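Residue numbers (this note's numbering): 921 to 1029. Cβ atoms here follow ideal geometry from the backbone N, Cα and C, with glycine treated the same way. Computed from a predicted model, the values in this text were never measured in an experiment.
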Amino acid sequence: MLSKRHKLSKKDFDILDGLKKKKVSQSLFSLVYNKNNEKPSKISVVVSKKISKKATDRNKLKRLIFDQFKDFTLKNKGFSVVVYPKKEALTNQNTLKKELKETILRDIK
């Protein structure tokens, strides 16, 4: 799990809305990111109730995605990233991990 300083706050979300950002869509998730001048990179995962009614499933998906960004936040400074998983991400977790790693390495740097 990421520490609190590596997670986007509500205030950061509002700031991110007003800025120019890039969007990447994959089959299992959409990702919005922006380069900022802050020292630590900050990540957020938004899982709606449409994906699963059970909070345990939503939390498991959040933990899985945060875990993929653990190395990214230590190596890359100054990014704000928001991940929006899609419903298929619950059933294809191994594919989700693979696609997240590829997207992080290819698009966000």
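| Check | Outcome |
| --- | --- |
| Same chain, Cβ closer than 6 Å to I1024, neighbours up to 5 away in sequence not counted | F992 |
| Euclidean distance between Cα positions of L922 and K997 | 15 Å |
| Extent of the continuous beta strand (DSSP E) run through L951 | F949 to K955 |
| Under 8 Å between C-beta atoms of V1002 and F949 | no |
| Cβ-Cβ distance between D987 and L1010 below 8 Å | no |
| Contact under 8 Å by Cβ, K970 with K1007 | yes |
| Inter-residue Cα distance where the pair is L939 and K1017 | 28 Å |
| Where the alpha helix (DSSP H) through K963 begins and ends | Inspection of the sequence shows that residue 963 is occupied by Ile rather than by Lys. Careful: I963 lies outside any alpha helix (DSSP H), inside the beta strand (DSSP E) at K962 to V965. |
| Spatial neighbours of K1021 in its chain, beta-carbon cut-off 8 Å, leaving aside the 5 residues before and after | Q988 |
| Status (buried if at least 16 other CB within 10 Å, exposed otherwise) for K962 | buried |
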